[in-house]
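Colleague:
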Amino acid sequence: MRSTGAALLVLTLYALVTAGPAAAQPDPFAGAPGLGDPYYPLDGNGGYDAVHYDVAIGYDPPSRILDGTTTLDATATQPLRAFHLDYTGPPARMVTVNGLPAAFRSQDEQELVITPLLPLLPGLPFRVIVDYGGPMPDTGGEGWTYAPSGGAFAAGEPHSARTWYPLNDTPLDKATFTLRATVPAEWQVMGNGVRTRDEVIGGQRHVDWENRHPTIGYLTTVAIDRFEFLEQTASDGTPILSGFAPGAVRHRELEQRLPEILDFSAELFGPYPFEAVGGIYLDTELPFSLETQTRPTYAEWVDLNTVVHEIAHQWWGDSVSLRSWADICLNECFASYTADYLWPERVDGADVDAEYRDTVARFRDEPRFWQIPLGNPGAGDEFTSVYYRGPLFLHALRRTVGDEVFFAALRDFPARYAGGNAAMADGRAFVQRRTPVPLDGFFDAWLGGETPPPDEYLFPGSLRG
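Below, the structure is given as C-alpha cells:
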C-alpha cells in the first residue's frame, strides 16, 4: 500500500527526471560519467552504490564463446533517469531494471549506458540484469586472457573485470560477488571465496563460488583450465583450496608452505580477513601475478617471494583498498616490504639494514631510480617505483619511529580500515598520531620527492652506520 504523500513524491520526482535537461548542461539525473579518479576519471559511475554482483557465465573453450548474465543489486543515491556500467565485453543483448525492459547503448568505449523504463528514486534498492554474449578476445593480461592449455582466465590491474562482466569499476564501490560458471565437463573452474557447487550434469560442469566480503572489480577472477587441486587448512581453521593448471603442478610444494606464510602474515597484520584462501597457479607467461581476493593468480614464474607478496596484499589492497590509484603505495609498498625485507629478516635471519644500505649505495646517484614519486607516481607509472623504492621508504620509516610504533601500526591500520578504503594521507596521519617524532618532512621527502631524501631521512636511526 502506498500513501498519497508517497505517491505525490513519486510523481514529482518522475516529472523532474523525465523533463529534458537544460541545453549544454550535464544531466543531473544521469549520474556522473565517472568518479573523478585522478588517473582514470571515467572509472566508476555516480548515482548508485553497488551491493552485490551475481555473474553467471557459460564458456566453451574450443570456440572461445562466452554467454553471460550479470545481475547487479544496488541502491540509488540520487534520482536517476539513466546510469552507466563500465563494460568492454561481448555485446549486450538485453537489459532489464527491476524486471522491466530497459534501453541501453555503448558510450566512450567503456560504458554501457542504461535507461530504465521507470526512473530510479534515491535511497531505494534496484536490480539490473544484463544479458550478453559472443567471442572473447584475448587481452593478454588486461582482462580475459587465453591459457596455453586452451582454457582462459581473467586478470589485470587496474582493470580486468569490465572485459567479462558489467560493473561499477572503481575502488570506491566495493561489493560482494557470486560467480556461477558452466563449462564442458572435462574443465574445472577457479574463483574467489568459497566453492559452493561443483557438479556435472549432462556433460556440463556447473561451479559456483561465493566471495562474501566486499571486493573491487579487478580483484575478482575466473580461471577455466584442467586444474589439479590441493586442499589444506590454515592454523586458524580457514579452508585452503589451490588449483594448478597443466604445467604448473611443479609449484605444488611451494603452495604447501601457504599455512606457514599465513601465520607469518597474521602475526604482522592481525587475523586473516577473509573466509577462504588459496592460489590459482597458471602455466602462462604473464608479466605479473595478482592478488585476486582470497585466491591470488600466479604466473608460471612464481616463487616464494611472490607468494609472500600476494598474501600480504590480502590485508594491504584487498581488505584495505586504495581510495584512488594515486594511493598505490598503500598496496604495493607494504606488500613489497613484507616479502623483500620482513620475510628475509624474520624467517631467514637476513641483515636488512645492510640490504638497505647496499641498495641506497647502488642507486643513490641514479636519477631514474628516484624520479617517480611514491605518493603520486602518475597514470601509467603506478607499477614502477612502489616495488623497488617502496621497501626503502618503509624501512626508513621503521628506523625513524622505532619497531614498537611501526609494527603496532602495521597491525592496527588494517583493522581500522578493514573492508573499506584508505589513502596514503590516512596512513601518514595514522602513524603520526602514534609518535612524537615530527614526520611531515620525512613523508614529503620520501613520498613526494624525485631525488634522494636528505641524509637525515635517508639514514635514520641504526641506518646511520
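Just so you know, the numbering used here puts the end of the sequence shown at 1246, numbered straight through with nothing missing. Glycine is no exception: its CB is placed at the ideal position from the N, C-alpha and C atoms. Given the structure is predicted, the values throughout are model-derived calculations rather than measurements.
1) Can you tell which of Trp1096, Glu1034, Thr1078, Thr850 has the C-alpha that lies nearest to the C-alpha of glutamate 1056?
2) Using 10 angstroms around the beta-carbon of threonine 1232, count the other beta-carbons present and answer buried if the total reaches 16, otherwise exposed.
3) So, using beta-carbon positions, are phenylalanine 958 and threonine 926 closer together than 8 Å?
4) Pop quiz: glycine 849 and glycine 924 are said to be a contact at Cβ under 8 Å. What is the actual Cβ separation, rounded to whole angstroms?
5) Buried or exposed: where does glycine 998 fall if 16 or more other Cβ atoms within 10 Å of its Cβ makes it buried?
6) Which of the three DSSP states, helix, strand or coil, is assigned to valine 1089?
7) Please report the distance separating the alpha-carbon of tyrosine 1198 from that of glycine 1098.
8) So, under 8 Å CB-CB, tyrosine 1238 and proline 1172 are touching, yes? Tell me the CB distance rounded to an integer number of Å.
9) Exposed or buried, which one is methionine 917 when buried takes at least 16 other CB atoms within 10 Å?
10) Do you know how far the Cα of proline 814 is from the Cα of tyrosine 1079?
11) For the putative contact between proline 1195 and valine 1058, defined by C-beta atoms under 8 Å, what is the C-beta separation to the nearest angstrom?
12) When you compare only the Cα positions, how much space is there between glycine 880 and arginine 908?
13) Check for me: the alpha helix (DSSP H) holding tyrosine 1168 runs from which residue to which?
14) Tell me, which residues are paired with threonine 851 by DSSP?
15) Between the Cα of phenylalanine 1164 and the Cα atoms of Ala1120, Asn1112, Arg1179, Asp950, which residue gives the shortest distance?
16) Give me, in chain order, the residues of the same chain whose beta-carbon lies closer than 6 Å to that of glycine 1230; leave out the 5 immediate sequence neighbours on both sides.
17) Whose CA, out of Pro1241, Leu823, Cys1110, lies closest to the CA of leucine 948?
18) Could you work out which residue in Gly921, Gln1152, Ala933 is closest to proline 1027 when comparing CA atoms only?
19) Do arginine 1007 and glutamate 980 have their CB atoms nearer than 8 Å?
20) For valine 975, which of Leu1085, Gly983, Trp990, Arg961 has the nearest alpha-carbon?
21) Are phenylalanine 864 and isoleucine 895 close, meaning C-beta to C-beta below 8 Å?
22) Which partner residues of aspartate 867 appear in the DSSP bridge assignment?
23) On the three-state DSSP scale, how would you describe arginine 961?
24) If I measure Cβ to Cβ from glutamate 1091 and keep anything under 7 Å in the same chain, skipping five residues before and after, which residues do I get?
25) Assign serine 1105 to one of two classes, buried (16 or more other C-beta atoms within 10 Å of its C-beta) or exposed (fewer than that).
26) May I ask you to verify whether the stretch 840 to 857 touches the stretch 882 to 896, counting CB pairs closer than 8 Å and requiring at least 3?
27) Does DSSP put proline 1172 in a helix, a strand or coil?
28) Which residues bound the beta strand (DSSP E) around methionine 875?
29) Could you say which of Leu1049, Gly828, Pro1054, Ser1016 lies nearest to leucine 1039 if we only look at CA atoms?
30) Which first and last residues belong to the alpha helix (DSSP H) in which threonine 1140 is found?
31) Considering methionine 727, what are the terminal residues of the alpha helix (DSSP H) in which it resides?
32) Between which two residues does the alpha helix (DSSP H) holding valine 1083 run?
33) Could you please give the first and the last residue of the uninterrupted beta strand (DSSP E) stretch that includes alanine 1004?
34) If phenylalanine 1115 sits next to leucine 1175, beta carbons under 8 Å apart, how far is it from one beta carbon to the other, in whole angstroms?
35) Is leucine 1155 near proline 952, with beta carbons less than 8 Å apart?
36) Can you tell me which residues form a DSSP beta bridge with proline 906?
Modeller: If we stick to the structure as given:
1) Relative to the Cα of glutamate 1056, the nearest Cα in the group Trp1096, Glu1034, Thr1078, Thr850 belongs to Trp1096.
2) Under this definition threonine 1232 is an exposed residue.
3) No, Cβ-Cβ distance for phenylalanine 958 and threonine 926 is not below 8 Å.
4) Not quite, the Cβ-Cβ distance comes to about 13 Å (not below 8 Å), so this is no contact.
5) Classification of glycine 998: buried, given that the 10 Å Cβ count is 16 or more.
6) Helix at valine 1089.
7) If I take the Cα positions, the gap works out to 11 Å.
8) So it is not a contact: roughly 15 Å between Cβ atoms.
9) Buried.
10) In a straight line, the C-alpha of tyrosine 1079 is about 34 Å away from that of proline 814.
11) Actually they do not touch by this definition, with Cβ atoms about 16 Å apart.
12) CA-CA distance, glycine 880 to arginine 908, rounds to 8 Å.
13) Run containing tyrosine 1168: 1166 to 1169, per the alpha helix (DSSP H) assignment.
14) Threonine 851 is bridged to Val836, Val911.
15) Selected option, being the one with the closest Cα: Asn1112.
16) Taken in chain order, the list of residues that qualify is empty.
17) The residue with the shortest Cα to Cα distance from leucine 948 is Leu823.
18) Nearest option by C-alpha distance: Ala933.
19) No; because the gap between Cβ atoms is not below 8 Å, this pair is not in contact.
20) Nearest of Leu1085, Gly983, Trp990, Arg961 to valine 975, Cα basis: Trp990.
21) Their beta carbons are under 8 Å apart, which means phenylalanine 864 touches isoleucine 895 by this criterion.
22) Paired residues: Glu892, Leu948.
23) Arginine 961 falls in the strand class under three-state DSSP.
24) Only Ser1070, Glu1072, Pro1077 meet the Cβ criterion.
25) Flag for serine 1105 reads buried.
26) The answer is no - the stretch 882 to 896 does not touch the stretch 840 to 857, with fewer than three Cβ pairs under 8 Å.
27) Note: proline 1172 maps to helix in three-state DSSP.
28) It spans 873 to 878 - the beta strand (DSSP E) in which methionine 875 sits, taken as one unbroken run.
29) Closest option to leucine 1039, Cα to Cα, is Ser1016.
30) From DSSP, the alpha helix (DSSP H) with threonine 1140 extends over 1133 to 1144.
31) This structure cannot settle anything about residue 727, because the visible part of the chain is limited to 782 through 1246.
32) Per DSSP, valine 1083 belongs to no alpha helix (DSSP H) and is neither H nor E.
33) In the DSSP annotation of this structure, the continuous segment of the beta strand (DSSP E) that includes alanine 1004 starts and ends at 1003 to 1006.
34) Correct: roughly 7 Å between the Cβ atoms.
35) No, the Cβ-Cβ distance between leucine 1155 and proline 952 is not below 8 Å.
36) Paired residues: Thr856.
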